[in-house]
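Chemist: Below are the structure tokens for one structure; questions will follow.
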């Protein structure tokens, strides 16, 4: 069994996945989708090994992410966790500061997630609540951006 510390690119979220050795990358994507509750298909996820040379990415210093993505490329969905190219640690052998997998979601999902997180977090921010800007939902807020306080009146052309 492998113990994989994962880093969500763009959102800086860390989470851990324990996965059987014989499972492949496509199954890892499904597990990640279930853990994070993504609403898009798991095959839209892009996973990268977070390793540069023999060194794993450190959770307290994620500065080498772009280099690792270029160097390692996307993980092949058909490879098993035992693939030597990955070199993932077994349960109990991993260092707590190491990150093993970089998780990148499609751009459309990033925008949706940012919108959702804004609305979710806005409910707990007193400054936003006190200002009266807290929308009941994202769609209500968006509609308010396009609505006018003035009533429309027909023009001579429309009358």
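Residue numbers (full-length UniProt numbering): 1 to 159.
Positions of the beta carbon are idealized from the N, C-alpha and C atoms, including for glycine.
#1: Look up residue 59 in the DSSP assignment and say whether it is helix, strand or coil.
#2: On a Cα-Cα basis, can you pick out the residue from 63, 46, 2 that is closest to residue 22?
#3: I need the DSSP call for residue 25, collapsed to helix, strand or coil.
#4: Is there a Cβ from chain C that is less than 8 Å from the Cβ of residue 15?
#5: Could you name the residues that DSSP lists as bridge partners for residue 108?
#6: Where residue 10 and residue 104 are concerned, what is the direct C-alpha to C-alpha distance, given to the nearest angstrom?
#7: Does the region 24-38 come within contact of the region 56-69, defined as at least 3 CB pairs closer than 8 Å?
#8: Going by C-alpha to C-alpha distance, which of 36, 37, 85 sits closest to residue 48?
#9: Taking the alpha carbon of residue 7 as the reference point, which residue from 99, 112, 107 has its own alpha carbon closest?
#10: Where does residue 47 fall in DSSP's three states?
Modeler: The answer reads as follows:
#1: coil
#2: 2
#3: helix
#4: You won't find chain C in this structure, because it holds only one protein chain.
#5: BP columns for residue 108 are empty, so no partner.
#6: 8 Å
#7: no
#8: 85
#9: 99
#10: strand
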